[in-house]
Amino acid sequence: MRIPPPPASLALVILVGCGGGLDYPETNEEEVVEMLHGVEVEDPYRWLEDDNDPEVLAWVDAQNEVTFDYLNSLPGRDALEARLTELQDYARRSAPFRFGPHWFIRANDGLQDQDVLYRTPGPGTPEDEWEVLLDPNGLSDDGTVSLGVTSFTKDGALMAYALGEAGSDWQEFHVVEVESGEKRDDHLRWIKFSGAAWTHDNGGFFYSRYPEPDPDAAQGGVNRNQTIWYHRLGTPQDSDTLVLARPEEPDWLFGAEVSDDGRFLVVSIREGTSDENRIHVVDLGDPEAPSLGGEATPLLDGNDASWQFLGNDGTRFYFLTDHDAPRYRVVAVNVTRPAPGNWLEIVPEAEQTLESARIVGDRLILGYLEDAKSRLAAHTLDGAFERDIPLPGIGSVGQLSGGREDEVVHFSFSSFLIPPSVFRYELASGETRPHWAPDFDFDFDAFETTQVFFSSSDGTEVPMFLTHRRDLRRDGDNPVLLYGYGGFNISLRPGFSPWTLAFLERGGVHAQVNLRGGGEYGEAWHEAGMLENKQNVFDDFIAAAEFLIHDSVTRPSRLAIAGGSNGGLLVGAVLNQRPELFGAALPAVGVMDMLRFHRFTIGWAWVSDYGSPDDPEMFPVLRAYSPYHNIAPTEDFPPTLVTTADHDDRVAPGHSFKYAARLQEVHGGGEAPVLLRVQKSAGHGGGMPVSMRVALEADRWAFVLHHLGVD
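Everything in the sequence shown is counted per the numbering used here, starting at 517 for the first residue and increasing by one.
Structure, rendered in structure tokens:
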């Protein structure tokens, strides 16, 4: 039976503990016990899952009051926010891209809450000749409306675009005329994880959507039964044409794109977040008068490999795939003869992981990962190697633009010590030259990035990037922030963060580790950190910490750890397993309840990487490392700042609510603070306004610096 809560006015005076002199809010416990696969599982804080409950909202406000009072009292916190604001105040630009006669670019002058989309006469046009096509900064008073997906007609006349509010994954689609900037009446809702694929007659576009959710469902309900629709321009959404639905397969996720020649609709079908997918094709007939009545014909239906459509020449389709190639290759499949015996290998698997491929003009531009560092190469369309495209150092290629009718490639490049810059590659000459770089006032020459390798507990060699002052002394006393992710085939590459610079200039070392579960070394590296192998991810992270200590870079009291989402799960798990290794922890928007994650929002889709709690074989694996279920008393638990957001409809905030409540119950009586920071009007991280991000990072870094003993 549920214990009645105290009146809201008493919420801050009835104590759970007094960690570090803090008076934590009272958190009520329920007598909730479930029998799962013959095991009794207690869940006393399940009531915190209902983020619509007024009692939960009052509890969140009480937690925030304690947290912000504490953070605002930290010495130097305001000065740190001022410095972070200075470091964030630099111009940012995307790589320019073209549709029809128009060039486009996304840009931010530095402190604008959201990036602005501009139309330009050409890729190198001065800023005073740009025209604003869409500026989301004027769409809300607090800067929380963000611009998501943009999709242009082939001739560049129309743009479909997505807007999201308060960081939500839910998007609403609109249409604008590019030449005039006039907004059309089209308005589509209930869209998540979808692009917009225009037919070549400019008559409309394909998109994916979900059924309208229950507005009263806790943590956003569950998102299933995605479908593909065609929206005809100028008509209401309720008259859209249903193109593809599989009600017998509620967990299928659909992606739709129209081929370069406008003849084919190419549908990618995934089950959850698995990299394995199916490819079905609809022949639209005449691109200028497309038919929507055709059936989706299976082309690659084995669901035993990853297939990414790159483009086509008539009935020859090019794909990036890991079929019989764990580190990926490029193959061509003829839609009239799709049997595997007829496939043509264009670029074979290499020693390095082939992370991306794009057809620009008559070339394949391939992006490789070499020990988690980017490499670009140009090949002809028959697969012949042409040349490596030079990069300015250890770093990452970001956005890459160019289409079948282009003769140039623009790409962005960044690293830990290189702000995002744009380069231009000429297909014909092979010449690469800088296109644009920001003016950034920081002494980058005083710092360096190195890559080290260490052995995990089972002997596996794991890479890690270290960024620090060139004059670093290995005396075991350096403050270190160790960051990791380790899941879903996602690769952590060198990337620029102005927030990290404030830590570096205070003598800090930033360590980014490439854990198993990621995609740095292909599918085998991913599989080594998923399902029953998930403990390898935690072992790798712990081994990284031990390496930094044994190599005299730092010591436990000067070592902080951080991670978000799946990385938040990582931080929570290793805190339970080896709390004595760390001096501070920052778990953000984490998946903390591994026995109920599949019951909310899109969480069911993560079963492909985690396994299902409903599976009697996976249940003990998940139960063994679930952060919420494995918190135990210890004197070594470090200061911890748990962060989440009230509009996170990907990893529901109830994960962090329950986890923080359990932490305060077990560790709230110690000297180390255990705090929960809930950002209002924000989501999983995407679309967060710059001003809100600066405040969040100031809080996180002030917490870390204070508890690592850094002035």
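For every residue, glycine included, the Cβ atom is placed at its ideal position computed from N, Cα and C.
Checking 9 Å against the spacing of the C-beta atoms, do Thr1230 and Trp768 come in under that value? Residue 1230 falls outside the range modelled here, since the chain spans only 517 to 1227, and no answer is possible.
Tell me, to the nearest whole angstrom, how far the beta carbon of Asp700 is from that of Val692; I am working on the premise that it is less than 8 Å. The sequence given here has Arg at residue 700, not Asp. That pair is a contact at about 7 Å.
Integer-rounded CB distance, given that Gln1195 should sit under 8 Å from Thr543: The pair is not a contact, with the Cβ atoms about 20 Å apart (cut-off 8 Å).
Go ahead and label Pro523 buried or exposed: buried means 16 or more other beta carbons lie within 10 angstroms of its beta carbon, across all protein chains shown. With a pLDDT of 29 at Pro523, under the threshold of 50, the modelled position of that residue is not reliable, and the figure given next carries that caveat. With fewer than 16 other Cβ atoms within 10 Å, it is exposed.
Among the candidates Pro1095, Gly857, Tyr834, whose CA atom is the shortest distance from the CA of Arg920? Tyr834
Evaluate His703 with the Cβ neighbour count: other Cβ atoms within 10 Å of its Cβ, from every protein chain shown; 16 or more gives buried, anything less gives exposed. exposed
Helix, strand or coil: how does DSSP classify Pro1143 here? helix
Which partner residues of Tyr884 appear in the DSSP bridge assignment? Leu870, Arg891
Closest Cβ-Cβ distance between Gly1184 and chain B: below 9 Å? Absence of chain B from the displayed structure is noted, only one protein chain being present.
Evaluate the contact criterion for the region 1128–1142 versus the region 546–558: three or more CB pairs, one atom per stretch, below 8 Å. yes
Would Asn653 pass as a contact of Gln628 if the rule is Cβ separation under 9 Å? yes
Alpha carbon to alpha carbon, how far is Ala1211 from Asn588? Give it in angstroms, no decimals. 11 Å
Output the residue ranges of the beta strand (DSSP E) runs that lie fully inside the region 1096–1167 and measure 3 residues or longer, sorted by chain position. 1100–1104, 1156–1161
Extent of the continuous beta strand (DSSP E) run through Arg491: Examination of residue 491 is not possible in this model, given that the chain is present from 517 through 1227 alone.
Please report the residue range of the beta strand (DSSP E) in which Gln1230 lies. Lying before the first or after the last residue shown, residue 1230 is absent from the chain, which here runs from 517 to 1227.
Run through DSSP, which three-state label would Met1204 get? coil
According to DSSP, simplified to helix, strand and coil, what is Glu571? helix
Could you compute how far the alpha carbon of Val1226 sits from the alpha carbon of Asp993? 11 Å
Express the C-alpha separation of Pro864 and Asp838 in angstroms, rounding to a whole number. 10 Å
Can you give me the Cβ contacts of Pro806 inside the same chain, cut-off strictly under 8 Å, excluding the 5 residues immediately before and after it? Thr715, His716, Asp717, Gly719, Gly778, Leu800
With 16 other CB atoms within 10 Å as the buried threshold, where does Cys534 fall? Residue placement at Cys534 is poorly supported in this model, since its pLDDT is 36, which falls under 50; the coordinates still yield a value, given next. Classification for Cys534: exposed.
Just grab the DSSP bridge partners of Phe770 for me. Ile785
Is Gly830 buried or exposed, if buried means 16 or more other CB atoms sit within 10 Å of its CB? exposed
Pick from Asp594, Leu552, Pro591, Tyr540 that is closest to Val576, judged by C-alpha positions: Tyr540
Using a Cβ-Cβ cutoff of less than 7 Å, which residues in the same chain neighbour Arg490 once the five nearest sequence positions on both sides are dropped? Because residue 490 is not part of the residues shown, which for the chain are 517 to 1227, the question remains open.
If you draw a straight line from the alpha carbon of Phe1004 to that of Ala1121, how long is it in whole angstroms? 11 Å
Between the CA atoms of Glu764 and Arg1166 - distance to the nearest angstrom: 24 Å
Using C-beta distances below 6 Å, list every residue in its chain close to Leu1102, excluding the 5 sequence neighbours before and after it, in chain order. Ala1078, Leu1157, Arg1216
Backbone secondary structure at Glu695 - three-state DSSP: coil
Distance between Arg1112 and Gly1106 (C-alpha atoms, nearest Å): 13 Å
Are at least three pairs of beta-carbons, each pair with one atom in the region 945–954 and one in the region 1029–1048, less than 8 Å apart? no
What residue ranges within the region 559–639 form continuous alpha helix (DSSP H) runs of no fewer than 4 residues, ordered along the chain? 570–588, 593–604
From the DSSP output, read off the bridge partner residues of Ser1172. According to DSSP, Ser1172 bridges with nothing at all.
Contact set for Ser890: own chain, Cβ-Cβ below 7 Å, skip 5 residues either direction: Gly883, Leu907, Gly911, Ser912, Val913, Arg1009
Reference Val924; option with closest CA among Leu943, Ile934, Ala678: Leu943
How many Å lie between Thr601 and Ile934 at the Cα? 18 Å
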